[in-house]
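To start, the structure itself, in structure tokens.
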Amino acid sequence: MANIEEKVENLIHKTIEDLGYELYDVIYEKEAQDYYLRIFIDTPSGISLEDCEKVNDAINDILDEANYIKEQYFLEVSSPGIERVLRKERHLQANLGKEIICNLFKPVEKSKQIEGILQEFDQDRLVLQVEGEEEKKEIQRKNIAKMKLKYHWN
């Protein structure tokens with residue numbers, strides 16, 4: 021499915037940029053019996069419902085014409101949200117020095133979740149400064165199921 025995501029991203033990237041938005045991510049996935057193509061857009065000032073409708077209208081015909089996805093699917097256009105998922109190198113780069121949450125495939129030190137300040141990363145690992153710990157924690161990326169930005173709700 022990653023190949024479809026890349027194709028769709030390349031196909032719609034310029035159209036979305038021309039409308040004044042950043043294409044944050046494209047996710048194509050199956051949930052139960054249904055397929056979803058999720059397009060995440062962003063701007064420095066945030067995203068409104070009208071922004072999502074505008075992008076949806078602009079890319080719908082482009083996607084239909086390209087016909088990359090043979091199955092019937094639901095198209096969703098939305099903001100990546102406050103606690104946005106970090107899937108790409110550019111997402112990690114943009115969030116260096118910020119607190120993130122890493123959900124792991126298997127427990128490390130009896131925990132499947134590690135929170136900390138993203139200090140550095142490369143293709144194989146992340147380095148986090150965990151609150152209350154002197155030494156930085158290194159996590160192998162192959163052990164990470166999901167990463168997202170942490171937002172402190174007051």
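The working numbering numbers the first residue of the sequence shown as 21 and each following residue consecutively.
Where a beta carbon is used, it is the ideal one built from N, C-alpha and C, also for glycine.
- Bounds of the beta strand (DSSP E) holding A165 are I164 to L169.
- Around the beta carbon of L69, a 10 Å sphere encloses fewer than 16 other beta carbons of the protein chains shown; the residue is thus reported as exposed.
- Around the beta carbon of P100, 16 or more other beta carbons sit within 10 angstroms, so the residue counts as buried.
- Contact between R58 and I67 is ruled out by a C-beta separation of about 13 Å, above the 8 Å threshold.
- DSSP, reduced to helix, strand and coil, places Q143 outside both helices and strands of the structure shown, so it counts as coil.
- Annotation for C72: I61, V97, S98 and S99 place their beta carbon closer than 8 Å to its own, counting only its chain and skipping 5 residues before and after.
- Residues of the same chain with a CB within less than 8 Å of the CB of Y171, apart from the 5 flanking positions on each side, are I102 and E103 in chain order.
- Taking the CA atoms as reference points, D144 sits about 16 Å from N123.
- By the criterion of at least three beta-carbon pairs nearer than 8 Å, the region 73-81 is in contact with the region 30-44.
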